[in-house]
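Engineer:
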Amino acid sequence: MSKKYKQTVDSITTDVRNQYFHQFRSNIMKTLNIKEMDLIPVDHCAYAFGIGITDKNGFKFVYSGDTQPCDRLIKYGHNCNLLIHEATVEDGLNKFARTNFHSTMSEAINVGRMMGAKFTILTHFSQRYGKLPLLPDNEQTNDNIGLAFDNMIVKANQLNRIPLLYDTLKCMYAKHIDRILYRSDVYERKFSNHHQ
Numbered sequence: 001m002s003k004k005y006k007q008t009v010d011s012i013t014t015d016v017r018n019q020y021f022h023q024f025r026s027n028i029m030k031t032l033n034i035k036e037m038d039l040i041p042v043d044h045c046a047y048a049f050g051i052g053i054t055d056k057n058g059f060k061f062v063y064s065g066d067t068q069p070c071d072r073l074i075k076y077g078h079n080c081n082l083l084i085h086e087a088t089v090e091d092g093l094n095k096f097a098r099t100n101f102h103s104t105m106s107e108a109i110n111v112g113r114m115m116g117a118k119f120t121i122l123t124h125f126s127q128r129y130g131k132l133p134l135l136p137d138n139e140q141t142n143d144n145i146g147l148a149f150d151n152m153i154v155k156a157n158q159l160n161r162i163p164l165l166y167d168t169l170k171c172m173y174a175k176h177i178d179r180i181l182y183r184s185d186v187y188e189r190k191f192s193n194h195h196q
């Protein structure tokens, strides 16, 4: 991202935050009994924000929205209880992720580690995955990383149960996973050849 673009985005996001967010924030905080709530400009497009919320009990969660790995988000989310981060692009398609200002699975997991997040939920997967996105092999047994799906509801005290579902889901969707791996390989070769 160029320095000029970054300065323009920072200037615009500051204006948006100042004009519209304060009233919204005040109303939401009163209604939901929230101690702290902030928008965090992220590296996606103009007016793209993550959000950080801390409740009255001190539970802090950060939601990335669409973004590539972003230092502002990492700094804000330091030692959060929960990071919900987009993982639109599978590993191996890093150039595609950069081109579209999204994160790969490993990048999203690494953001959680750099933050010191106690738990990371990956979400917003590409339609290429269909039913089940694949965690990187070295992360499949990690007990503080989970996958989120549409309409999924998890309470804070249930986060540790999410990773337990992964092996069951892999068994249920074994044929689907084989197709994903094949298509991923084809897509990676196609994208690599197209952008050389």
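First residue of the sequence shown? That's 1 in the UniProt record's numbering, and the numbers climb one at a time after it. Idealized CB from N, CA, C, for every residue including glycine. The structure presented is a predicted model; accordingly, all values stated were derived computationally and were not measured.
Within the same chain, show all residues whose beta-carbon is closer than 6 Å to that of I121, passing over the 5 residues directly before and after it, in chain order.
Structural biologist: These residues qualify, in order along the chain: I84, G146 and A148.
Engineer: Using C-beta distances below 6 Å, list every residue in its chain close to residue 202, excluding the 5 sequence neighbours before and after it, in chain order.
Structural biologist: No information on residue 202 is available, as it lies outside the stretch 1 to 196 that the chain covers here.
Engineer: State the Cα-Cα distance for the pair A46 and G65, rounded to the nearest angstrom.
Structural biologist: Going from the Cα of A46 to the Cα of G65 covers about 13 Å.
Engineer: Confirm, please, whether the CB-CB distance from K56 to N81 is below 9 Å.
Structural biologist: Not closer than 9 Å, so no.
Engineer: Tell me whether M115 is buried or exposed, calling it buried when 16 or more other Cβ atoms sit within 10 Å of its Cβ.
Structural biologist: Classification for M115: buried.
Engineer: Look at the alpha carbon of A174 and the alpha carbon of D185, and state the distance between them as a whole number of angstroms.
Structural biologist: Their Cα atoms are separated by approximately 17 Å.
Engineer: Look at the alpha carbon of K190 and the alpha carbon of Q68, and state the distance between them as a whole number of angstroms.
Structural biologist: Those two C-alpha atoms are separated by around 22 Å.
Engineer: Can you say whether M172 is buried or exposed, counting buried as having 16 or more other CB atoms within 10 angstroms of its CB?
Structural biologist: Label assigned to M172: exposed.
Engineer: Return the residue from the list F119, H176, R98 and P41 that minimises the CA-CA distance to N11.
Structural biologist: The identity of residue 11 in the sequence shown is Ser, whereas the question assumes Asn. Ranking the options by Cα distance to S11, first place goes to P41.
Engineer: So what does DSSP say about D178, is it helix, strand or coil?
Structural biologist: Helix.
Engineer: With distances taken from CA atoms, which of R98, F49, R179 and N157 is nearest R72?
Structural biologist: Checked all of R98, F49, R179 and N157; the closest Cα to R72 is F49.
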